[in-house]
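Heads up: the protein sequence lines correspond to chains Z, S and E, in order.
Position 157 of the first sequence, counted from 1, bears residue number 235 in my numbering, the numbering being contiguous throughout.
Position 162 of the second sequence, counted from 1, bears residue number 164 in my numbering, the numbering being contiguous throughout.
Position 10 of the third sequence, counted from 1, bears residue number 407 in my numbering, the numbering being contiguous throughout.
We treat Cβ as the ideally placed atom computed from N, Cα and C, and that holds for glycine.
Okay, so here's the structure we're looking at.
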Amino acid sequence: MNTAARRLVRHPMPWVFLLFAVLPYLLPFIGGYTYLGTEVLIWSIFVLGFNILLGYTGLPSFGHGAFFGVGAFVMAILQLRIMQGMWLPMAISALAGALFGALVGLFVAKKRGIYFALLTIAFSQMFWFITWQWDTVTGGEDGLAGVNRTAIQLPGLPSIDLNDVTSFYYFVLVIFIICTLLIWTIVHSPFGRTLQAIRFNETRAKCIGYNTPLYKWLAFTVSCAFAGLAGALYTLLRNAAFADVMHWTQSGNAVMMVLLGGGMSNFFGPILGAAVFIVLRDLFSAFTEHWMLIYGLLFMFVIVFVPEGILGLFRGEEEQMDAPVSGK
Amino acid sequence: MPGLSELVAQIMNGLVLGLLYALIALGFMLIVGVMQVVNFSHGVLFAWGAYFALTLRPITGFWLALLISPLLVGIIGLLLEFPVRRTYGKDPLFGLLLTFGAAMALEEIIRIIWGSIGYTIPAPAFATGPINLLGLIPYSKYRLFLAGLGVVLIFLTWLFLEKTPYGAIIRAGAFDSEMIMTLGIDLRKMRTFVFGIGAALAGIAGVIAAPLWSVKPTIGAEAIMPAFVVVVIGGVGSFWGTVVGGILVGFVTGVSVMFMPRASQIVMYVLMALVLLIRPRGIMGERSILEQ
Amino acid sequence: MDILQTHRLTKRFNGLVAVDSVDIAIQANRLTSIIGPNGAGKTTFFNLLTGLLKPDNGTIVFEGNDITHLPPHRIVKQGIARSFQILNIFGDLSLFENIRIAAQSERGHGLEMLSSIHGLQEVTQATFSIIDAIGLRGKEQALAKNLSYGDRRVLEIGIALASHPKLLLLDEPTSGLASRDTGRMAEFIGLLSKTTTVVLIEHDMNIVLSISDHVIVLHQGRVIAQGTPDEVRRNDEVQDAYLGGL
């Protein structure tokens with residue numbers, strides 16, 4: 079095998095894609111179902127993008143669910159009120175996420191640590207209340223139902239009906255693959271490396287010439303674009319946008335997914351975290367209506383006993399994202 | 003246009019709410035300041051205070067419930083501090099997440115014990131009914147009582163922090179743990195104690211707010227969010243910043259209920275955004291540890 | 398020719414004057430040392446020069462431009478780089494990355510999001526040449542925090558060098574070094590001063606006297622003496638302030 083092929087085989091990414099490609103066939107064996115798989119993909123897009131901000135830049139946004147919510151609602155509002163179709167609303171949802179992210183980012187870009195976290199929580203609450211109160215636009219308590227998925231028309235092929243659960247899964251999978259490759263590129267770019275430097279020593283990053291608030295703002299905005307896109311996909315999944323996407327627990331869940339999977343030190347951590355999280359939630363809620371208690375205790379358990387996350391357990395002492403750069 | 007008595011009553015409501023917010027935020031701020039831990043479960047502890055009062059009141063009457071309930075919540079706080087310990091000195095994310103999980107668990111336990119429906123709890127007999135302000139304007143006796151109690155509690159907290167040696171240690175510990183340790187003071191015990199005190203403050207706020215806010219599992223979230231906003235507006239690490247911030251937020255919220263009721267819950271966030279634009283550190287914020 | 402001038406530069410902390418109306422001129426292509434007892438305001442002075450602190454009064458002029466109120470990242474772009482007294486490296490990044498990220502900034506590639514760092518040939522070459530200059534070839538893969546203290550001190554300067562500065566500010570670069578390493582550091586700094594203007598904060602008098610062209614003495618935030626090393630050594634006020642036993 080030549081070196082290029084060898085490198086490809088050793089890289090986790092093709093394997094991850096492969097696994098997800100066959101997942102709908104594997105899921106029934108573990109008591110799962112395709113819808114669950116689609117959820118995992120959608121949340122993976124969300125938290126991979128979120129991890130640009132959290133894992134790579136080290137900024138603990140505890141209100142990122144709000145941008146997921148923005149995407150979800152913009153998708154619904156556009157399709158129900160303003161335009162037909164799916165692609166354009168999706169794109170606009172991602173842009174909306176980015177736009178709101180850019181706005182909030184202006185307030186938080188110069189902060190870090192707990193202060194940063196507090197601010198993002200407060201802003202996300204603002205979004206929550208607006209969603210609830212502005213019910214003429216968002217449907218308030220009832221949300222907005224009736225969103226549909228348009229069939230895909232590829233030239234020369236029969237149209238693909240996305241209402242079929244499996245078809246929709248593969249549709250989302252393609253978007254997931256594109257997003258994952260995009261995010262991989264971003265975090266391994268010069269920009270991405272700068273974000274890491276800011277995470278590990280912001281002062282020194284300034285003193286070597288980086289306008290760090292600008293970078294933080296950009297990281298924030300970019301991560302919100304992915305959040306918005308994921309939110310739009312979620313609306314398509316449920317064929318509706320409900321206010322629960324804006325609830326503060328969504329933001330906490332996102333952070334938990336990153337941490338649980340080991341996203342603070344590994345690119346793929348968020349994906350693993352999202353998968354474990356969603357599967358467990360499904361499991362627990364099947365058992366008892368008080369699954370929140372088990373959930374909350376699980377959070378606490380992970381933080382106390384496995385703070386480096388699942389993939390972090392395989393990591394050892396190094397905290398730097400992925401392998402050290404060596405110039406080879 | 004609201005009449006004068008309505009206006010005055012609403013302003014009073016705002017101030018009363020403000021005092022309550024200030025009280026809640028103080029307990030929260032104590033833990034943030036001393037341990038740099040954002041205690042997400044602070045709101046749920048507030049709820050626990052209300053629920054303990056709900057259960058105790060018929061048995062012990064108002065005043066004993068007011069005393070015992072915060073003690074019980076304080077104990078929960080002391081217990082909570084054990085897992086929180088693991089997060090000291092680490093990325094603030096860990097403390098946030100841990101207390102976030104605790105908040106979820108604690109809220110669910112409330113639902114298991116007391117159910118999800120809300121209860122109303124009446125004001126104590128001596129504070130029921132209206133009273134006439136300045137002989138002209140009818141106002142809720144209980145709210146006045148709450149305001150008075152709030153002032154007393156805030157004053158007692160201030161007294162404790164400023165005038166007692168233990169309070170001085172706590173204030174110093176917020177900024178210089180090395181010094182604390184060299185003085186031979188057990189840092190661990192101090193932190194546990196502070197967590198307990200912060201929780202107790204949340205608990206007592208829950209007791210006195212209960213007749214006003216009713217007692218349901220979600221009041222925790224209703225209590226914690228203003229606490230975040232107050233701390234950001236008032237400036238981290240500042241006692242008076244928290245008090246002034248709390249009163250300001252409560253006042254603005256209370257008054258906006260009159261003019262734009264649907265936006266009243268959002269007003270505090272708008273206020274926060276404005277304050278941040280003009281004074282990024284908060285009204286009385288100092289260069290804070292939280293920015294590290 | 399003066400590359401840097403400060404006029405009445407002042408900084409107060411809560412009533413305490415850390416830097417008191419300081420007028421200093423740094424000549425280009427010379428090695429200037431700043432000495433003084435602890436608390437004399439030396440590091441504060443550096444912090445003011447590099448934009449980490451805002452002065453309460455006074456101006457800083459670099460190459461004829463007023464840089465007094467510029468933020469740190471803009472001051473670096475003007476051509477001033479600085480190393481820190483307390484190690485301020487990127488401990489969790491590799492040695493290579495520590496330098497590369499600084500070189501990347503210098504070349505202006507920070508905002509490129511969709512390309513790979515491996516395409517930045519210039520940056521990689523610049524990184525290797527700095528690593529060679531500081532004598533740490535072969536250790537590129539090591540995490541910075543796992544390097545020996547001496548190597549980390551050298552890295553501390555290397556990061557500043559990667560910014561290709563016209564003026565290099567070194568804050569107690571020999572701090573905590575064993576005497577054998579101190580000598581090599583001094584040699585290294587001497588070499589640097591041949592191509593860059595260097596301002597050095599130093600406690601080690603031997604170094605100061607042997608490699609400095611010019612010495613400035615700070616005490617309680619004020620300049621109490623300056624001149625050649627010999628002149629300063631013989632100055633009574635300086636001897637009183639803290640030298641003793643030279």
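Taking the DSSP output, what are the residues bridged to residue i?
i              : result
residue 401(E) : 423(E), 459(E)
residue 594(E) : 564(E)
residue 409(E) : 414(E)
residue 623(E) : 613(E)
residue 540(E) : 491(E)
residue 454(E) : 407(E)
residue 222(Z) : 319(Z)
residue 139(S) : 135(S)
residue 121(S) : 217(S)
residue 301(Z) : Paired residue(s): none; residue 301(Z) is not in a bridge.
residue 480(E) : 567(E)
residue 230(Z) : 238(Z)
Below 7 Å on C-beta distance, what does residue i contact in chain E?
i              : result
residue 289(Z) : 470
Please compile the residues from chain Z whose C-beta is within a distance smaller than 7 Å of the C-beta of residue i.
i              : result
residue 447(E) : 285
residue 275(S) : 185
residue 473(E) : 285, 286, 287
Where do the N-terminal and C-terminal ends of the beta strand (DSSP E) with residue i fall, by residue?
i              : result
residue 469(E) : Taken as a continuous stretch (DSSP letters only), residue 469(E) belongs to no beta strand (DSSP E), being part of the alpha helix (DSSP H) at 469–475.
residue 428(E) : 428–432
Residue j and residue i - do their beta-carbons sit closer together than 8 Å?
i              : j              : result
residue 416(E) : residue 438(E) : yes
residue 265(Z) : residue 134(Z) : yes
residue 251(S) : residue 226(S) : no
residue 246(S) : residue 32(S)  : no
residue 368(Z) : residue 110(S) : yes
residue 26(S)  : residue 229(S) : yes
residue 48(S)  : residue 205(S) : yes
residue 293(Z) : residue 263(Z) : no
residue 597(E) : residue 630(E) : no
residue 122(Z) : residue 349(Z) : yes
residue 447(E) : residue 493(E) : no
residue 15(S)  : residue 30(S)  : no
residue 425(E) : residue 487(E) : no
residue 126(Z) : residue 302(Z) : no
residue 141(Z) : residue 175(Z) : no
Using a cut-off of 9 Å between C-beta atoms, extract the partners of residue i located in chain Z.
i              : result
residue 103(S) : 330, 334, 373, 374, 375, 376, 377, 378, 379, 380, 381
residue 503(E) : 286, 287
residue 607(E) : What residue 607(E) touches in chain Z: nothing, since even the nearest Cβ is about 28 Å away.
So the alpha helix (DSSP H) residue i belongs to, where does it begin and stop?
i              : result
residue 148(S) : 143–165
residue 111(S) : 94–116
residue 135(S) : Note, residue 135(S): premise wrong, no alpha helix (DSSP H); beta strand (DSSP E) at 132–135.
residue 281(Z) : 280–285
residue 215(S) : 189–215
residue 252(Z) : 243–265
residue 1(S)   : As shown, chain S starts at 3 and ends at 294. That puts residue 1(S) outside it, with no answer to give.
Give the interface partners of residue i over in chain Z, defined as CB-CB distance under 8 Å, in chain order.
i              : result
residue 265(S) : 211
residue 278(S) : 185, 197
residue 85(S)  : 378, 381, 382
Can you list the residues of chain E that residue i reaches, using a CB-CB cut of under 8 Å?
i              : result
residue 129(Z) : Chain E residues near residue 129(Z): none, gap ~15 Å exceeds 8 Å.
residue 264(Z) : 510, 511
Along chain S, which residues have their Cβ under 7 Å away from the Cβ of residue i?
i              : result
residue 385(Z) : 96
residue 388(Z) : Per Cβ cutoff of 7 Å: no residues; residue 388(Z) is ~15 Å from chain S at best.
Can you pull the chain S neighbours of residue i, defined as C-beta to C-beta under 8 Å?
i              : result
residue 208(Z) : 268
residue 138(Z) : 93, 94, 95, 98
List the residues of chain S that residue i touches, going by C-beta distances under 9 Å, in chain order.
i              : result
residue 144(Z) : None at all; the shortest Cβ gap to chain S is about 12 Å.
Checklist entry - In the stretch 215–228 of chain S, which residues sit with their C-beta less than 8 Å from some C-beta in chain Z, listed in chain order? => result Per Cβ criterion, the list reads 223, 227.
Checklist entry - Given a limit of 8 Å on CB to CB distance, which residues of the stretch 487–516 of chain E reach chain Z? => result Residues 487, 488, 489, 490, 491, 493, 494, 497, 498, 499, 501, 502, 503, 506, 507, 508, 509, 510, 511, 512, 513, 514.
Item to check | Chain-ordered residues of the stretch 267–280 of chain Z with a beta carbon less than 9 Å from chain E | outcome: Within the stretch 267–280 of chain Z, the qualifying residues are 267, 268, 269, 270, 271, 272, 274, 275, 277, 278, 279.
Checklist entry - Which of the residues in the stretch 534–553 of chain E, read from start to end, lie with their CB under 7 Å from any CB of chain Z? => result Under the 7 Å Cβ criterion, the stretch 534–553 of chain E contributes 537, 538, 540.
Checklist entry - Got a sec: which bits of the stretch 102–123 of chain S sit with their beta carbon under 8 Å from any beta carbon on chain Z, in order along the chain? => result Of all residues in the stretch 102–123 of chain S, 102, 103, 104, 105, 106, 107, 108, 109, 110, 111, 113, 114 have a Cβ within less than 8 Å of some Cβ in chain Z.
Next on the checklist: Closer than 9 Å between beta carbons: that is the criterion. Which residues of the stretch 559–584 of chain E meet it against chain Z?
Outcome noted: If the cut-off is 9 Å between Cβ atoms, the stretch 559–584 of chain E has 559, 560 near chain Z.
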